[in-house]
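**Student:**
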Amino acid sequence: MLALLPNPQHRPLVLVCDTSQQACSVALALPDGSIIERLEETGRGHTEKLPLMIADILTSSSVGLKDVERLGVTIGPGTFAGVRVGLAAMRAIRISHQLPIYAITTTHAIVLPVQQIAGGNEERQSIVVIDARRGELYCQIFDAQGVPISDAMAHTAKGLVEIIEKQGITRPNIIGSGAEILAAQMQTDDLTCLEMPFWPQAGLIAEWVARQEAIMENTPPPEPLYLRPPDAALPSASSYLTRLER
Numbered sequence: 058m059l060a061l062l063p064n065p066q067h068r069p070l071v072l073v074c075d076t077s078q079q080a081c082s083v084a085l086a087l088p089d090g091s092i093i094e095r096l097e098e099t100g101r102g103h104t105e106k107l108p109l110m111i112a113d114i115l116t117s118s119s120v121g122l123k124d125v126e127r128l129g130v131t132i133g134p135g136t137f138a139g140v141r142v143g144l145a146a147m148r149a150i151r152i153s154h155q156l157p158i159y160a161i162t163t164t165h166a167i168v169l170p171v172q173q174i175a176g177g178n179e180e181r182q183s184i185v186v187i188d189a190r191r192g193e194l195y196c197q198i199f200d201a202q203g204v205p206i207s208d209a210m211a212h213t214a215k216g217l218v219e220i221i222e223k224q225g226i227t228r229p230n231i232i233g234s235g236a237e238i239l240a241a242q243m244q245t246d247d248l249t250c251l252e253m254p255f256w257p258q259a260g261l262i263a264e265w266v267a268r269q270e271a272i273m274e275n276t277p278p279p280e281p282l283y284l285r286p287p288d289a290a291l292p293s294a295s296s297y298l299t300r301l302e303r
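The sequence shown finishes on residue 303 if you use the working numbering, and the numbering steps up by one all the way, no holes.
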């Protein structure tokens with residue numbers, strides 16, 4: 058997919074990935090303002106697919122890792138395995154090419170297209186809700202401009218409703234794989250469950266990274282955002298370097 062951003066100016070060349078949900082996606086933001094992205098709804102198998110997708114998008118765009126200036130990745134909340142895969146890949150490239158990594162929460166990434174889809178309604182806040190299984194939901198609340206007004210959190214649907222009511226939110230947009238679960242518990246008819254992908258869109262993340270202020274060269278790499286204890290350790294960066302260099 059190729060799209061031209063409005064009023065393109067010189068921007069850093071950005072490579073991003075997302076593997077935190079059921080989709081595996083990568084994107085490049087080029088200096089001329091264009092965005093190139095790839096997405097596969099894999100469900101699983103991110104470990105095998107991601108290096109191939111990164112190699113494909115670089116080759117088809119005539120771009121090498123030596124040309125990349127910034128990296129971006131979702132850090133969760135999400136599936137334990139998925140979050141680990143994306144972080145390991147970006148950490149590997151960071152180590153080998155001394156590049157900064159820009160981190161974005163999965164919930165923040167999901168809300169990026171909401172203003173376009175919701176028609177610019179400035180009165181409605183947005184609640185991103187991810188079905189975390191085990192009777193829990195991952196959630197984060199954003200204002201009408203997409204700015205976080207809460208931390209990402211994990212609660213039951215009932216617990217989230219109590220938090221939302223305490224914040225006085227009565228007319229929200231609800232987005233994500235857990236939207237209908239939460240909506241069923243809320244005592245209001247004036248909410249909107251937006252019909253949009255449940256997973257982050259790498260192209261929008263790449264555009265977001267390109268707009269950010271430069272970070273310090275010695276900034277530590279991002280850590281995964283787990284809202285409950287993970288089941289396994291983060292894969293080593295060296296294992297991804299091997300795959301990318303084949």
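Even glycine gets a Cβ: it sits at the ideal position worked out from N, Cα and C.
Predicted model, so just to flag it, every value in this text is computed and none were measured.
Given this structure, state the Cα-to-Cα distance separating G90 from L261, to the nearest angstrom.
**Tutor:** Roughly 12 Å separates the two Cα atoms.
**Student:** I'd like the span of the beta strand (DSSP E) that includes I231, first residue to last.
**Tutor:** I231 -> beta strand (DSSP E) spans 230 to 232.
**Student:** Assuming contact is defined by CB atoms lying nearer than 8 Å, are G143 and T76 in contact in what I supplied?
**Tutor:** Yes, they are a contact pair.
**Student:** If you compare alpha carbons, which of A166, V204, I272 is closest to Q258?
**Tutor:** Minimum Cα distance to Q258 is reached at A166.
**Student:** How long is the line joining the alpha carbons of T245 and G121, rounded to whole angstroms?
**Tutor:** Whole-angstrom Cα-Cα distance: 51 Å.
**Student:** Which runs of the beta strand (DSSP E), 3 residues or longer, sit entirely within the segment 207 to 291?
**Tutor:** With a minimum length of 3 residues, the continuous beta strand (DSSP E) runs that stay inside the segment 207 to 291 are 210 to 212, 230 to 232.
**Student:** Straight-line CA distance for I232 to E264?
**Tutor:** Spanning the two alpha carbons is a distance of roughly 21 Å.
**Student:** Based on DSSP bridge pairs, tell me the residues matched to E98.
**Tutor:** Note: E98 sits in a beta bridge opposite A80.
**Student:** Taking only three categories from DSSP, how would you classify V140?
**Tutor:** Three-state result, V140: helix.
**Student:** Taking all protein chains shown into account, do 16 or more other C-beta atoms lie within 10 angstroms of the C-beta of A146, making it buried, or fewer, making it exposed?
**Tutor:** Label assigned to A146: buried.
**Student:** Return the first residue and the last residue of the alpha helix (DSSP H) that V105 is part of.
**Tutor:** Per the sequence shown, residue 105 should be read as Glu rather than Val. 103 to 117 is the span of the alpha helix (DSSP H), which, as asked, contains E105.
**Student:** Let's test the definition: count the other Cβ atoms within 10 Å of the Cβ of T163 and tell me whether it reaches 16, buried, or not, exposed.
**Tutor:** The residue in question, T163, is buried, as its Cβ has 16 or more Cβ neighbours within 10 Å.
**Student:** Please go through the same chain and pick out, in chain order, the residues whose beta-carbon is closer than 6 Å to the beta-carbon of I187, but skip the five residues on each side of it.
**Tutor:** Excluding residues within five positions, the ones whose Cβ falls inside 6 Å are Y195, G233, S234, G235.
**Student:** Is there contact here, the segment 209 to 222 with the segment 265 to 273, by at least three beta-carbon pairs under 8 Å?
**Tutor:** Contact between the segment 209 to 222 and the segment 265 to 273 is absent, because fewer than three Cβ pairs lie under 8 Å.
**Student:** In whole angstroms, give me the CA-to-CA distance for V73 and E126.
**Tutor:** Taking the straight line joining both Cα atoms gives about 11 Å.
**Student:** Give me the Cα-Cα distance between D288 and A138, rounded to the nearest whole angstrom.
**Tutor:** The pLDDT assigned to D288 is 49, lower than 50, so where the model puts this residue is not dependable; a value taken from the coordinates is nonetheless given after this. D288 and A138: Cα-Cα distance of roughly 9 Å.
**Student:** On a CA-only basis, which of L248, E237, A209 is nearest I226? Give me that one, please.
**Tutor:** Comparing Cα-Cα distances from I226 to each of L248, E237, A209, the minimum goes to L248.
**Student:** Can you tell me whether A160 is buried or exposed? The criterion is at least 16 other CB atoms within 10 Å of its CB, across all chains shown.
**Tutor:** With 16 or more other Cβ atoms within 10 Å, it is buried.
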